[in-house]
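Numbering (the working numbering), first residue to last: 891 to 1084.
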């Protein structure tokens, strides 16, 4: 199933990877780096990195200065956004599929954010206008929820229609996550599907 959407994508690839122990964007999963897996899903993504890196397609934006977290990366990436909506994610969601992003960005709200035990601000679609208006007022993307009167939370049951095993929600913060999270989510999904 495909949805007609017009949105840009910002992929944050400049985190410190402290828990992972190395640059997780370069870590290979099934012979592809986590970043390359995401790049394959989108036509012209905006990749924000703290250092130069090779990307197969898209726009590479180098974030200058000290690391300040995801908001700074989003601020840098926003300079290249041309559409009314932008999906924001990190390279640590290597199993994200485009159909899920299309579905999330098809909802007519300022913020459309998956909710899996808590809001997932780095797996969400935002109004570009909302971001531009508020990016300098916030310390974290989740703060935008309070600044918007138009927020849609998507639960896992709704997302199961698009991603039956919820692999798109798998966030890799450590090597152990690669081993245990797919198993846990698959078990959870099978339970929900019965």
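Ideal Cβ positions, reconstructed from N, Cα and C, are used throughout, including at glycine.
Alpha-carbon to alpha-carbon, residue 1015 and residue 897: 9 Å
Delimiting residues of the alpha helix (DSSP H) encompassing residue 929: 924 to 929
Which of helix, strand or coil DSSP assigns to residue 1047: helix
Own chain, CB closer than 6 Å to residue 1000, minus 5 neighbours either side, in chain order: 1017, 1020, 1038, 1040
Any beta strand (DSSP E) of 3 or more consecutive residues that is wholly inside the stretch 912 to 1000: Counting whole runs of 3 or more residues, the stretch 912 to 1000 contains the beta strand (DSSP E) stretches 936 to 939, 949 to 952, 975 to 980.
Euclidean distance between Cα positions of residue 1007 and residue 964: 24 Å
The beta strand (DSSP E) enclosing residue 900, as first and last residue numbers: 898 to 902 is the extent of the beta strand (DSSP E) around residue 900.
Beta-carbon proximity list for residue 903, same chain, < 6 Å, skipping 5 on both sides: The answer, listed in chain order, is 915, 925, 937, 939, 981.
Inter-stretch contact at 8 Å, needing at least 3 Cβ pairs: the stretch 986 to 997 / the stretch 948 to 966: Touching, no, given that fewer than three Cβ pairs across the two stretches are closer than 8 Å.
Buried versus exposed call for residue 906 [16 or more other C-beta atoms within 10 Å across all chains shown]: Note that residue 906 scores 48 on pLDDT, short of 50, meaning its location in the model is unreliable and no value can be drawn from it.
Residue 1056 - DSSP class collapsed to helix/strand/coil: coil
Span of the alpha helix (DSSP H) around residue 1037: 1034 to 1037
First and last residue of the uninterrupted beta strand (DSSP E) at residue 1031: Per DSSP, residue 1031 belongs to no beta strand (DSSP E) and is neither H nor E.
Reference residue 1049; option with closest CA among 997, 943, 901: Nearest of 997, 943, 901 to residue 1049, Cα basis: 997.
Same chain, Cβ closer than 6 Å to residue 1057, five either side skipped, listed in chain order: 985
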